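A short worksheet on the structure shown next.
2 protein chains.
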Amino acid sequence: MNILIVYAHPDPQSLNASLKDYAVRHLQAGGHTVQVSDLYAMEWNAILQADEIPERADHRADILREQEKLRWANTVIFQFPLWWFSMPAIMKGWVERVYTLGFGYGVGEHSDQRWGDRYGEGTLAGKRAMLLVTAGGWESHYSPRGINGAIDELLFPIHHGILFYPGMEVLPPFLLYRTGRMNEALFAEACARLGQRLDTLATTAPIPFRRQNDGDYDIPAMTLKATLAPGAQGFKAHLAQPPSLL
Amino acid sequence: MNILIVYAHPDPQSLNASLKDYAVRHLQAGGHTVQVSDLYAMEWNAILQADEIPERADHRADILREQEKLRWANTVIFQFPLWWFSMPAIMKGWVERVYTLGFGYGVGEHSDQRWGDRYGEGTLAGKRAMLLVTAGGWESHYSPRGINGAIDELLFPIHHGILFYPGMEVLPPFLLYRTGRMNEALFAEACARLGQRLDTLATTAPIPFRRQNDGDYDIPAMTLKATLAPGAQGFKAHLAQPPSLL
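Chains as they are written, first to last, in numbering that gives the first Met the number 0: chain A, 0 to 245; chain B, 0 to 245.
If you want it as structure tokens, here you go:
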């Protein structure tokens, strides 16, 4: 497979850098072709400017290169440390600039009957995506009743709104907590667990998000039909099967 | 009151710019003192670098200026267009760089009995915060069963994880949808509604997030005590009163 790793960490001596290097080696040893967009090393321009906004967009070379990598990839891994409960700004700015009108959104027919190809359809349909996220806090802090908010809900805007939106299937995330207490044994354990996930990228069942255009939503209100999961509200309503964690 | 508006939109001709200008004029006419951090106009450096990470931090002048504005303010308004279901990268990078160790996090005693001053306590305790968010989509798309995800849940990582975390009380957001169909009458309507919210910044009831150190959470697991809201999971578990929208 062709695998793209979009990677954001400023420190080449970091745990994230070691995990990224491990992932590249492991995937290459498995016969895959890997490209890495190392956003800090590339000095990625993360700031969407007014003259790049939709109708005025004059796509720049850096954006076109990233779009080409996305088209090339079968699977895309987004790797980052959880900063303030989301992705680092440099990666958010990658999304904002690379997901241009006609590529990341505004794809397909828009009418009273159809609100474009998105949420399961779009430019990146047929590809798979997975988050690889590290956090300093404990796993319990991100558990269903943990004070930071349940990790599944914290990642929903990325999983559903950034990965599923332009059509990718979204695999359950690879999560590593308590990064501050890392040592050699724990790192080896993390690599073993990550290796298993990398070996099963093609076969792991994706998160069962409901597809926009398969009949589950009223259009143009874009609300879940009253007959489906009656009473369900919030993020979990957009899962076709009962969630295990939400 | 002293009011800080942290503002992110690249286009000075935009709806967001007009709303920001209205807010400044309205607040000043009401006798308030207003400062605006216009992140695009300031060419804010949004990229946290390795040499700014905690222990190595050598706080830069731009960071200190923003921290000083936060200390000065009684109320902080964060204004931005919703891009990919969160704040623009330039504002996320403002949070990452301005919320330094000892200012935005790592405040207060950390032990087995206490996990610092956060979630209701911290450097910004006693202040109020409000989001002012515009979205291109319809309100129904962000309703409790809307395809984009309920807006209360989409904003939770910001409300709870960025505003409440360092101690601010969080007011319900000011939201403006369908920005693409704006006209003079709709703009006047939006300003009237915004004016009401600005006139009641000091009296509006905040979102009733549970405070970390008031006894609701087990420490150090930091999970909601089993006796409280039994069965509740996810974001809504962190509200002390039943949510209206979640």
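The beta carbon of each residue, even a glycine, is placed where N, CA and C say it ideally should be.
Note that the coordinates shown come from a computational prediction; the quantities given were computed from them, not determined experimentally.
Assuming residue i is part of the beta strand (DSSP E), what are its boundary residues?
i, result
"phenylalanine 79 of chain B", "74-80"
"leucine 175 of chain A", "173-175"
Quick check on residue i - is its C-beta less than 8 Å from some C-beta in chain B?
i, result
"histidine 140 of chain A", "yes"
"glutamate 95 of chain A", "yes"
"aspartate 10 of chain A", "yes"
"proline 172 of chain A", "no"
"tyrosine 176 of chain A", "no"
"arginine 196 of chain A", "no"
"alanine 149 of chain A", "yes"
"glutamine 211 of chain A", "yes"
"histidine 158 of chain A", "no"
"isoleucine 62 of chain A", "no"
"arginine 144 of chain A", "yes"
"glutamate 152 of chain A", "yes"
"leucine 100 of chain A", "no"
"glycine 179 of chain A", "no"
"phenylalanine 155 of chain A", "yes"
"leucine 47 of chain A", "yes"
"serine 17 of chain A", "no"
"tryptophan 82 of chain A", "yes"
"lysine 68 of chain A", "no"
"glycine 107 of chain A", "no"
Quick one: what's residue i bridged to in DSSP?
i, result
"glutamate 168 of chain A", "A:Arg127"
"phenylalanine 3 of chain B", "First, the residue type needs correcting, since residue 3 of chain B is leucine and not phenylalanine in the sequence shown. Paired residue(s): B:Gln34, B:Val75."
"phenylalanine 234 of chain A", "Phenylalanine 234 of chain A is not bridged to any residue."
"tryptophan 43 of chain B", "Paired residues: none, contrary to the question."
"tryptophan 114 of chain B", "B:His109"
"threonine 133 of chain B", "B:Pro80, B:Leu175"
"glycine 145 of chain A", "B:Thr222"
Can you look up residue i in the DSSP assignment and give me helix, strand or coil?
i, result
"glutamine 48 of chain A", "coil"
"glutamine 12 of chain A", "coil"
"histidine 159 of chain B", "helix"
"tryptophan 83 of chain A", "coil"
"phenylalanine 208 of chain B", "strand"
"threonine 222 of chain B", "strand"
"tryptophan 93 of chain A", "helix"
"aspartate 217 of chain B", "strand"
"glycine 179 of chain B", "helix"
"histidine 109 of chain A", "strand"
"leucine 18 of chain A", "helix"
Let me know if residue i comes out buried or exposed under the rule of 16 or more other beta-carbons within 10 Å of its beta-carbon.
i, result
"threonine 122 of chain A", "buried"
"glutamine 112 of chain A", "exposed"
"threonine 32 of chain A", "exposed"
"proline 156 of chain A", "buried"
"glycine 226 of chain A", "According to the sequence provided, residue 226 of chain A is threonine. The question's glycine does not apply to it. The residue is exposed, with fewer than 16 neighbouring Cβ atoms inside 10 Å."
"glutamate 188 of chain A", "exposed"
"asparagine 147 of chain A", "buried"
"tryptophan 71 of chain B", "exposed"
"glutamate 67 of chain A", "exposed"
"asparagine 182 of chain B", "exposed"
"leucine 63 of chain B", "exposed"
"threonine 202 of chain A", "exposed"
"threonine 199 of chain A", "exposed"
"glutamine 27 of chain A", "exposed"
"glutamine 211 of chain B", "buried"
"serine 85 of chain A", "buried"
"alanine 128 of chain A", "buried"
"lysine 91 of chain B", "buried"
"proline 229 of chain A", "exposed"
Kindly indicate the opening and closing residues of the alpha helix (DSSP H) around residue i.
i, result
"phenylalanine 102 of chain B", "Note, phenylalanine 102 of chain B: premise wrong, no alpha helix (DSSP H); not H, not E."
"leucine 197 of chain B", "183-198"
Compare the C-beta of residue i with all C-beta atoms of chain A and state if any pair is closer than 8 Å.
i, result
"lysine 126 of chain B", "no"
"tyrosine 6 of chain B", "no"
"leucine 245 of chain B", "A caution first: leucine 245 of chain B carries a pLDDT of 41, below 50, which makes its placement in the model too unreliable to give a value."
"tyrosine 21 of chain B", "no"
"histidine 237 of chain B", "yes"
"alanine 88 of chain B", "yes"
"threonine 122 of chain B", "no"
"glycine 233 of chain B", "yes"
"isoleucine 206 of chain B", "no"
"serine 85 of chain B", "yes"
"glycine 119 of chain B", "no"
Could you check whether the Cβ of residue i sits closer than 7 Å to any heavy atom belonging to the ligand ATP?
i, result
"arginine 144 of chain A", "By its list of ligands, the structure shown contains no ligand whatsoever, and the ligand ATP lies outside what it can speak to."
Check your understanding: Going along the chain, which residues of the region 213-226 of chain A sit with their C-beta nearer than 8 Å to a C-beta in chain E?
Key -> Any reference to chain E falls outside this structure, whose protein chains are A and B.
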